[in-house]
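First comes the structure, then the notes that go with it.
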Amino acid sequence: MDHVEIFKALSNKTRLQILNWLKEPATNFPEQLNPDFENVGVCVGQIQIKAGLSQSTISEYLSILQRANLVCATRVGQWTYYKRSEEGLKLLNQIINTEL
42 MDHVEIFKAL SNKTRLQILN WLKEPATNFP EQLNPDFENV GVCVGQIQIK AGLSQSTISE
102 YLSILQRANL VCATRVGQWT YYKRSEEGLK LLNQIINTEL
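If you want it as structure tokens, here you go:
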């Protein structure tokens, strides 16, 4: 993964908020039905409601975060769920600590 792409993904306030919300999904998305935050994550619809943006905008933001390996997606039927990629966040930490 290109380091510049990771930092581009982090250069948007809403995308940073999404990562922050996904850090504590049970606290930030208590209204999600059948919560399985640890295994599948948070439904796109719940993220969209909390952000107050269109579904297409949130999907694009999540796609950018996924390409940067900061979130991972799980498909369950017709719904897509997202959670933080701890592996990707460890890599980001390593980049900051060793290269910046």
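Just so we're aligned, residue 42 is where the sequence shown starts under the numbering used here, counting upward by one. Think of the CB as a built atom: it goes at the ideal place given N, C-alpha and C, for glycine as much as any other residue.
As assigned by DSSP and simplified to three states, the class of residue i
| i | result |
| --- | --- |
| V81 | coil |
| A109 | coil |
Proximal residues to residue i (C-beta, below 7 Å), its chain only, five neighbours per side dropped
| i | result |
| --- | --- |
| P76 | A67 |
| S126 | N110, L111, V112, C113 |
Same chain, Cβ closer than 8 Å to residue i, five either side skipped, listed in chain order
| i | result |
| --- | --- |
| Q87 | F70, E72, Q73 |
| S95 | Q89 |
Residues near residue i by beta carbon distance below 6 Å, same chain, minus five either side
| i | result |
| --- | --- |
| W120 | C84 |
Residue i, buried or exposed, once every other Cβ within 10 Å from all chains shown has been counted against 16
| i | result |
| --- | --- |
| K64 | exposed |
Whole-number beta carbon distance between residue j and residue i, since they are thought to touch under 8 Å
| i | j | result |
| --- | --- | --- |
| G82 | Y122 | 4 Å |
Only counting runs of 4 or more residues, tell me where the alpha helix (DSSP H) segments fall wholly within the region 45-83, in order along the chain. Runs found: 54-64, 66-69.
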